[in-house]
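The opening residue of the sequence shown carries number 10 in my numbering; numbering runs sequentially from there.
We put the CB at the ideal spot given by N, CA and C, even for glycine.
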Amino acid sequence: MITDPAQATVDKRIMDIVQVVRSANIWRMKGDRIVFTNGCFDILHRGHVEYLQEAAALGDRLIIGLNSDASVRRLGKAADRPLNDQDSRAKVLAALRLVDAVVIFDQDTPLELINAIGPDVLVKGGDWKPEDIVGSDVVRKQGGDVRALKLVDGFSTTALVEKIRHGS
């Protein structure tokens with residue numbers, strides 16, 4: 010039994026790059042198909058959940074590369090984004106049953122993670138063309154699959170934030 014409350018809140022699915030590569034290698038040795046996606050996931054909503062469900066269905070293990078707070082700011086989103094800090098966003102994602110690992114990255118793109126993990130499937134939302142997805146060349150070169158999944162109409166964090174701010 011865990012008696013330290015701080016220890017009880019640690020989620021083993023939130024990993025650093027060394028841990029996620031080690032886990033991916035173990036899963037791969039077991040024959041698991043590894044799916045990788047990335048994003049900010051600032052305010053988790055139905056669009057995110059449906060997207061992650063579809064991504065998870067493409068393999069056996071789902072790894073999410075989560076943009077750090079600094080990398081979200083560099084993406085040119087609103088000045089007050091992210092609204093939720095990286096640790097909070099990671100905790101929410103890791104709580105989803107379909108997520109096997111969350112790894113926070115600070116670079117502008119997840120290319121370093123993709124190179125290190127070597128996923129079997131690389132996934133982004135339908136606002137990306139598969140050939141424009143960062144790391145698509147790496148994944149395809151090793152025989153993997155690259156997919157752009159359909160976005161759920163009417164659901165985006167930006168639209169949700171605007172609705173909250175303006176009440177419309």
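Simplified DSSP state of Ile142, which is helix, strand or coil: If you number the sequence shown from 1, residue 142 lands on position 133. DSSP places Ile142 in coil when its eight states are reduced to three.
Nearest-angstrom Cα distance between Ser145 and Met38? The residue labelled residue 145 in the question sits at position 136 within the sequence shown. The residue labelled residue 38 in the question sits at position 29 within the sequence shown. Across the structure, Ser145 and Met38 are spaced so that their CA atoms are roughly 23 angstroms apart.
Given this structure, state the Cα-to-Cα distance separating Gly85 from His57, to the nearest angstrom. Looking up residue 85 in the sequence shown gives position 76. Looking up residue 57 in the sequence shown gives position 48. Straight-line Cα distance between these residues: approximately 20 angstroms.
Compute the distance between the beta-carbons of Asp96 and Leu71, then report whether it is under 7 angstroms. Numbered from its first residue, the sequence shown carries residue 96 at position 87. Numbered from its first residue, the sequence shown carries residue 71 at position 62. Taking 7 angstroms as the Cβ cut-off, Asp96 and Leu71 do not qualify as a contacting pair.
Only counting the same chain, and skipping five residues up and downstream in sequence, which positions put a Cβ closer than 8 angstroms to that of Ala107? Taking the first residue of the sequence shown as position 1, residue 107 is located at position 98. It is worth fixing the name first, because residue 107 is Leu in this sequence and not Ala. Excluding five sequence positions before and after Leu107, the CB atoms of its chain that fall closer than 8 angstroms to its own CB belong to Leu61, Gln62, Ala65 and Leu71, given in chain order.
With a threshold of 16 other CB atoms inside 10 Å of the CB of Asp133, please say whether the residue is buried or exposed. Stepping through the sequence shown from its first residue, residue 133 is reached at position 124. As written in the sequence, residue 133 is Lys, which differs from the Asp given in the question. Around the CB of Lys133, 16 or more other CB atoms lie within 10 Å, so the residue is classed as buried.
Taking all protein chains shown into account, decide if Ile35 is buried (16 or more other Cβ within 10 angstroms of its Cβ) or exposed. Counting from one through the sequence shown, the residue named residue 35 turns up at place 26. With fewer than 16 Cβ atoms within 10 Å of its Cβ, Ile35 is classed as exposed.
Quick check on this structure: which residue in Asn47, Val29, Leu160 and Asp78 has the alpha carbon closest to the alpha carbon of Asp94? Start at 1 with the first residue of the sequence shown, and residue 94 comes out as number 85. Of all alpha-carbon atoms in Asn47, Val29, Leu160 and Asp78, the one lying nearest the alpha-carbon of Asp94 is that of Asp78.
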